[in-house]
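16 is the number of the first residue of the sequence shown in the working numbering; add one for each residue after it.
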Amino acid sequence: MNNTRRLVTLSTALLVSLALPCAAQQKLLPAQSALTFTAKQMGVPINGRFKKFDAQVSFDAAKLASSKVAFIVDMGSASIGIPEMDIELPKAIWFNVAKFPQASFVSSSFKSLGSGHYEVSGLLSIKGQAQHVTAPLTMTHDGTSTVVNGVLLIKRLVFKIGDGDWADTSMIANDVQVTFKLSLSGIDKPKAESGQPESIH
16 MNNTRRLVTL STALLVSLAL PCAAQQKLLP AQSALTFTAK QMGVPINGRF KKFDAQVSFD
76 AAKLASSKVA FIVDMGSASI GIPEMDIELP KAIWFNVAKF PQASFVSSSF KSLGSGHYEV
136 SGLLSIKGQA QHVTAPLTMT HDGTSTVVNG VLLIKRLVFK IGDGDWADTS MIANDVQVTF
196 KLSLSGIDKP KAESGQPESI H
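#1: Is the Cβ-Cβ distance between Phe-195 and Leu-104 less than 8 Å?
#2: From what residue to what residue does the alpha helix (DSSP H) around Pro-98 run?
#3: Determine the DSSP secondary structure at Arg-46, reduced to helix, strand or coil.
#4: Please classify Leu-79: does DSSP put it in a helix, a strand, or coil?
#5: In whole angstroms, what is the alpha-carbon distance linking Gly-131 and Asp-75?
#6: Using CA atoms only, rank isn't needed, just tell me which of Thr-159, Ser-124, Phe-110 is closest to Trp-181.
#7: Considering only C-alpha positions, which residue in the set Ile-61, Val-163, Lys-83, Pro-116 is nearest to Lys-204?
#8: So, with DSSP's three-state summary, where would you put Gly-131?
#9: To which residues of the same chain is Asn-189 closer than 7 Å at the C-beta, ignoring the five residues directly before and after it?
#10: Could you give the DSSP three-state label for Arg-64: helix, strand or coil?
What follows is the structure, encoded as structure tokens:
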């Protein structure tokens with residue numbers, strides 16, 4: 016099974032398991048979306064991106080308790096833009112794509128901070144390691160689509176990214192910033208918010 020078919024199969028499985036009722040109407044627009052990461056090697060930023068990812072979404076600002084998102088990333092699609100570095104990323108010491116072809120995030124709760132700002136919490140799984148994380152995000156509507164922007168800071172060593180000599184954080188910093196821009200169709204613009212934070216689990 017190739018990576019694209021694996022991605023579709025796992026996305027479908029997550030969709031069924033989470034019973035996302037609005038997923039048929041709410042869809043990721045891949046060409047207008049982006050998933051990037053920034054690491055630092057000896058203090059110098061290294062920017063990369065994932066070319067293939069999918070999101071299954073059921074979001075209603077008025078019904079946060081039943082809102083869900085399942086995010087799948089094809090780890091084999093990672094690219095820094097430097098061929099000699101890109102061929103290293105799938106290897107066992109880094110992403111170990113042969114054994115762990117996908118990373119995933121499955122939400123557990125949303126928190127409204129008012130005025131289109133939210134926090135989403137859930138389980139992030141990379142390279143066989145899982146950790147509960149929370150990411151701030153903003154949601155804007157342009158009439159035809161909804162754009163979700165957010166940033167997540169992770170510790171690479173928690174997920175065993177960069178083993179052996181590369182575990183030395185003086186060489187590669189432990190902190191990695193993941194930035195996402197998701198363009199979605201089918202999400203209704205919420206009614207005017209009071210601006211008061213609301214947490215729903």
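Just so it is clear, CB atoms sit at the ideal spot from N, CA and C, and this is done for glycine as well.
Reading from the atomic positions:
#1: The sequence position of residue 195 within the sequence shown is 180, counting from 1. The sequence position of residue 104 within the sequence shown is 89, counting from 1. With a cutoff of 8 Å on beta-carbon distance, Phe-195 and Leu-104 are scored as not near each other.
#2: Within the sequence shown, the letter at position 83 stands for residue 98. Where Pro-98 is concerned, the enclosing alpha helix (DSSP H) stretches over 98 to 101.
#3: Here residue 46 is taken as the residue at index 31 of the sequence shown, counted from 1. The sequence as given places Ala at residue 46; Arg does not occur at that position. Note: Ala-46 maps to helix in three-state DSSP.
#4: Along the sequence shown, one-based indexing puts residue 79 at 64. Leu-79: helix per DSSP, three-state reduction.
#5: Position 116 of the sequence shown, counting from 1, holds the residue named residue 131. Position 60 of the sequence shown, counting from 1, holds the residue named residue 75. Taking C-alpha positions only, Gly-131 is separated from Asp-75 by approximately 12 Å.
#6: In the sequence shown, counting from the first residue as 1, residue 181 sits at position 166. When only C-alpha atoms are compared, the closest one is Phe-110.
#7: For the purposes of this step, residue 204 is taken as residue 189 along the sequence shown, with counting starting at 1. Nearest C-alpha to Lys-204 among Ile-61, Val-163, Lys-83, Pro-116: Val-163.
#8: Within the sequence shown, residue 131 is the residue found at index 116, counting from 1. If DSSP states are grouped into helix, strand and coil, Gly-131 belongs with coil.
#9: Locating residue 189 in the sequence shown gives position 174, counting from the first residue. Closer than 7 Å at Cβ, skipping near neighbours: Lys-170, Arg-171, Leu-172.
#10: As a working mapping, residue 64 is identified with position 49 in the sequence shown. DSSP, read as helix, strand or coil, puts Arg-64 in strand.
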